[in-house]
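S.K.: Shown below is the structure under consideration.
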Amino acid sequence: MKQNKTRRSFLKNISLASMAALTATGCNMKELDEFFQRNFRTLSDKEKEDIIKNLEQKYKQKYNKEFQVSAQPAMEQVEFAYALDLSRCVGCRKCVYACVDENNQSRAPQIHWIQVLQMEKEKGIDFAHSDVHYNPEKVPEKGHFYLPVACQQCRTPQCTTVCPVKATWQEPDGIVVIDYNWCIGCRYCMAACPYGARHFNWGEPEVPEEELNTDVHYLGNRPRIKGVVEKCTFCIQRVRKGKYPSCVEICPVGARKFGNLLDPESEIRYILENKRVLVLKEELNTQPRFYYFFGV
Amino acid sequence: MLVLGLFIFGYSCSSQLSEADNHNPEINNSTEQIAVKTAGITEIAVEAPPLTDGIFPCNDCHSEIEANPERRELVDMHDDITAIFNHDSDNRWCLDCHDLNNRDSLRLASGQLLDFKESYKLCGQCHGLKLRDWKVGVHGKRTGEWNGKKEYLLCVHCHDPHSPKFELLTPEPPPVMQENISYLNRKQNDHETE
């Protein structure tokens, strides 16, 4: 009897205390909604619409900018794939910064979704002896070749299977995405990824306001928060509208190719059928949708 | 614990960044916009890049000069091109690509005249594999839409036909060394030093 009373009074007190806490901190219902928001994949279209409306308002407040947040789903009969010409890449890193700009990556602490590895021609593809910090006057350097690495959009991704809360998954068009609202920041996926393609927001991400890209996708380049993981999404906000990813458009030597694997007329299919192609760490059976090839 | 949790949550959702100007960032697309054609076609009509200022039409000068088919080093005119010419220069010179009698045209090995807009055909005489790859979008670069309108670049957009080898590029800055990344924000840093 006594125990019951204690519990009841505890519940009473706790509810009063939480009410007080809520009023004191000035949290409104929208923020509560966001806190209790379910996994993106379980939301109805109506719920998604509301969430996006709230997000746009929130960004307007936070960044003083009009954001267009999209939740456009995958197109029918589309499976994206990417090919990168190792014989062309000169290691100029233009793709790295085009990606940073397009996808609102944090400038400080710095996050780069693309890492360009400089390798010695004598050693071949040798990650252990590759250099990401190369900085000569001019590239390409003699005796070296360059291998940019970002998310390989695996067909059997390890990152999604280890996620304890299912905050990351593979979309029907092959893009592996993250629900930043659902991510708990445990970084298991980063440990699981054999390509080092996932990056963690250790600090509050900082993007100069005049450099913000306001054309964003919910599962892609919308502004992130501290404590979540992010990675390349093939520019989901662009490719689902038919545009090429940003790195493809910037590449000054045309080393980057992108298209629909299910379209026999696409350049990606031509490459797979006619060129010498390889994937990274094939022995791990991740089955990447990101191919490297030799154009000459 | 729950009360503490709510306090932390409340704090995080009420903290907001300061206001700033409203700018629309431009999506980087520094490539020249040129004529558009879809895949799977044999004739590719793309606007050629502009020729050197004041040099075209060539016939403005050449109609008054007697044509001289003899292979020689040019000294009075076009010496700038002679200076950089590096395209199998042991075996080739101007009139292997430019027509002797009509300087406003290029000339295939067959003798057929060719507009400057179709220079890719001239390149393809020797570089057949490159031409084949370029037609399907593997050599060179396409921008626009992966499932629709694409913008092509001609050979001569990227390669100087008189010296086609690519110039070396200055690389963008390398990523910050891991040990030098500050995970505190500038704002927080300022706060700490205050």
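Sequence lines, in order, name chains A and B.
In this text, residue positions in the first sequence follow our numbering: the first is 297, and each later residue adds one.
In this text, residue positions in the second sequence follow our numbering: the first is 261, and each later residue adds one.
Cβ coordinates follow ideal geometry from the N, Cα and C atoms, glycine included.
How would you list, in chain order, the residues of chain A whose beta-carbon sits under 7 Å from the beta-carbon of N407 of chain B?
M.R.: For the purposes of this step, residue 407 of chain B is taken as the residue at position 147 of the second sequence. Going along chain A in sequence order, the residues near N407 of chain B (Cβ under 7 Å) are G538, N556.
S.K.: Any residues in the stretch 564-576 of chain A with a beta carbon nearer than 9 Å to a beta carbon of chain B? Which ones, in chain order?
M.R.: I564, Y566, I567, N570, K571
S.K.: Sort A:F332, A:K361, A:N360 by Cα distance to I347 of chain A and report the nearest one.
M.R.: Position 51 of the first sequence, counting from 1, holds the residue named residue 347 of chain A. Cα-wise, what sits closest to I347 of chain A is A:F332.
S.K.: If we count the other Cβ atoms within 10 Å of its Cβ and call it buried at 16 or more, is T582 of chain A buried or exposed?
M.R.: As a working note, residue 582 of chain A is residue 286 in the first sequence. So T582 of chain A counts as buried.
S.K.: Taking Cβ positions, are C455 of chain A and C479 of chain A nearer each other than 8 Å?
M.R.: Taking the first residue of the first sequence as 1, we reach residue 455 of chain A at position 159. Taking the first residue of the first sequence as 1, we reach residue 479 of chain A at position 183. Not a contact, by the Cβ cut-off of 8 Å.
S.K.: Could one say the Cβ of A370 of chain A lies closer than 8 Å to chain B's Cβ atoms, at least one of them?
M.R.: Sequence index remark: in the first sequence, residue 370 of chain A carries index 74 (1-based). Chain B, which has no Cβ nearer than 8 Å to the Cβ of A370 of chain A, makes this no.
S.K.: Please state whether DSSP places R389 of chain A in a helix, a strand or coil.
M.R.: For the purposes of this step, residue 389 of chain A is identified with residue 93 of the first sequence, where counting begins at 1. Coil.
S.K.: Go to D511 of chain A, then tell me how far its beta strand (DSSP E) extends in each direction, as first and last residue.
M.R.: As a position in the first sequence, residue 511 of chain A is number 215, starting the count at 1. Unbroken beta strand (DSSP E) run through D511 of chain A: 511-513.
S.K.: DSSP state of F376 of chain B, grouped into three classes?
M.R.: As a position in the second sequence, residue 376 of chain B is number 116, starting the count at 1. In this structure, F376 of chain B counts as helix in the three-state DSSP scheme.
S.K.: Could you run through the stretch 410-439 of chain A and flag, in chain order, every residue whose CB is less than 8 Å away from some CB of chain B?
M.R.: Those would be Q411, V428, H429, Y430, N431, P432, E433, K434, V435, P436, in chain order.
S.K.: At 8 Å on the CB atoms, spell out the chain A contacts of D393 of chain B, in chain order.
M.R.: Taking the second sequence and counting its residues from 1, one reaches residue 393 of chain B at position 133. Residues of chain A with a Cβ closer than 8 Å to the Cβ of D393 of chain B are, in chain order, G591.
S.K.: In terms of residues, what are the limits of the beta strand (DSSP E) holding G213 of chain B?
M.R.: Shown here, chain B extends from 261 to 454; a query on residue 213 of chain B therefore has no answer.
S.K.: Given that a residue counts as buried once 16 or more other Cβ atoms are within 10 Å of its Cβ, and exposed if not, what is V592 of chain A?
M.R.: Mapped onto the first sequence, residue 592 of chain A falls at position 296. Flag for V592 of chain A reads exposed.
S.K.: Which residue marks the beginning of the beta strand (DSSP E) containing V288 of chain A, and which one marks its end?
M.R.: Residue 288 of chain A falls outside the range modelled here, since chain A spans only 297 to 592, and no answer is possible.
S.K.: From the beta carbon of Q533 of chain A, is the nearest beta carbon of chain B less than 8 Å away?
M.R.: Locating residue 533 of chain A in the first sequence gives position 237, counting from the first residue. Residue contact check for Q533 of chain A against chain B: no CB pair falls below 8 Å.
S.K.: Which residues in chain A sit within 8 Å of S442 of chain B, going by Cβ to Cβ distance?
M.R.: On the second sequence, residue 442 of chain B is found 182 positions in, with the first residue counted as 1. Result: A404, P405, G499.
S.K.: Answer with buried or exposed for H429 of chain A, where buried requires no fewer than 16 other C-beta atoms within 10 angstroms of its C-beta.
M.R.: As a first step, residue 429 of chain A is located in the first sequence; it is residue number 133 there, counting from the start. Label assigned to H429 of chain A: exposed.
S.K.: Give me the Cβ distance between R585 of chain A and R451 of chain A, rounded to the nearest whole Å; I'm assuming they're in contact under 8 Å.
M.R.: Against the first sequence, residue 585 of chain A aligns to sequence position 289. Against the first sequence, residue 451 of chain A aligns to sequence position 155. Yes, R585 of chain A and R451 of chain A are in contact; Cβ-Cβ is about 7 Å, under 8 Å.
S.K.: Which one of B:I344, B:E378, B:M437 has the shortest CA to CA distance from H358 of chain B?
M.R.: The residue given as residue 358 of chain B occupies position 98 in the second sequence. Closest by alpha carbon: B:E378.
S.K.: Could you tell me whether the Cβ of N432 of chain B comes closer than 8 Å to any Cβ of chain A?
M.R.: As a working note, residue 432 of chain B is residue 172 in the second sequence. Note that residue 432 of chain B corresponds to Glu in the displayed sequence, not to Asn. So yes, E432 of chain B belongs to the interface.
S.K.: My guess is that E502 of chain A and R403 of chain A are in contact by the Cβ rule of under 8 Å, so how many angstroms apart are they, rounded?
M.R.: Within the first sequence, the letter at position 206 stands for residue 502 of chain A. Within the first sequence, the letter at position 107 stands for residue 403 of chain A. Indeed they touch by this definition, with Cβ atoms about 6 Å apart.
S.K.: Starting from Q373 of chain A and walking both ways along the alpha helix (DSSP H), at which residues does that stretch end?
M.R.: Position 77 of the first sequence holds residue 373 of chain A. Per DSSP, Q373 of chain A belongs to no alpha helix (DSSP H) and is neither H nor E.
S.K.: Reducing DSSP to helix, strand and coil, say where F316 of chain B ends up.
M.R.: Residue mapping note: residue 316 of chain B aligns to position 56 of the second sequence, counting from 1. Judged by DSSP in its simplified three-state form, F316 of chain B adopts coil rather than helix or strand.
S.K.: Please list, in chain order, the chain A residues whose beta carbon lies closer than 8 Å to that of G404 of chain B.
M.R.: Position 144 of the second sequence, counted from the start, is the residue given in the question as residue 404 of chain B. Within chain A, the residues near G404 of chain B are K539, Y540.
S.K.: With a threshold of 6 Å on Cβ separation, who are the neighbours of L580 of chain A within its own chain once the five nearest residues in sequence on each side are excluded?
M.R.: Your numbering for residue 580 of chain A matches position 284 in the first sequence. For L580 of chain A, where only same-chain residues beyond five positions count, the Cβ hits under 6 Å are P490.
S.K.: Let me check one thing: in DSSP terms, what residues is H440 of chain A bridge-paired to?
M.R.: Numbered from 1 along the first sequence, position 144 holds the residue referred to as residue 440 of chain A. Partner residues in the beta bridge of H440 of chain A, as assigned by DSSP, are A:E416.
S.K.: Checking contacts by CB at 8 Å: is L428 of chain B closer than that to chain A?
M.R.: By one-based count along the second sequence, residue 428 of chain B stands at place 168. Chain A contact via Cβ: present.
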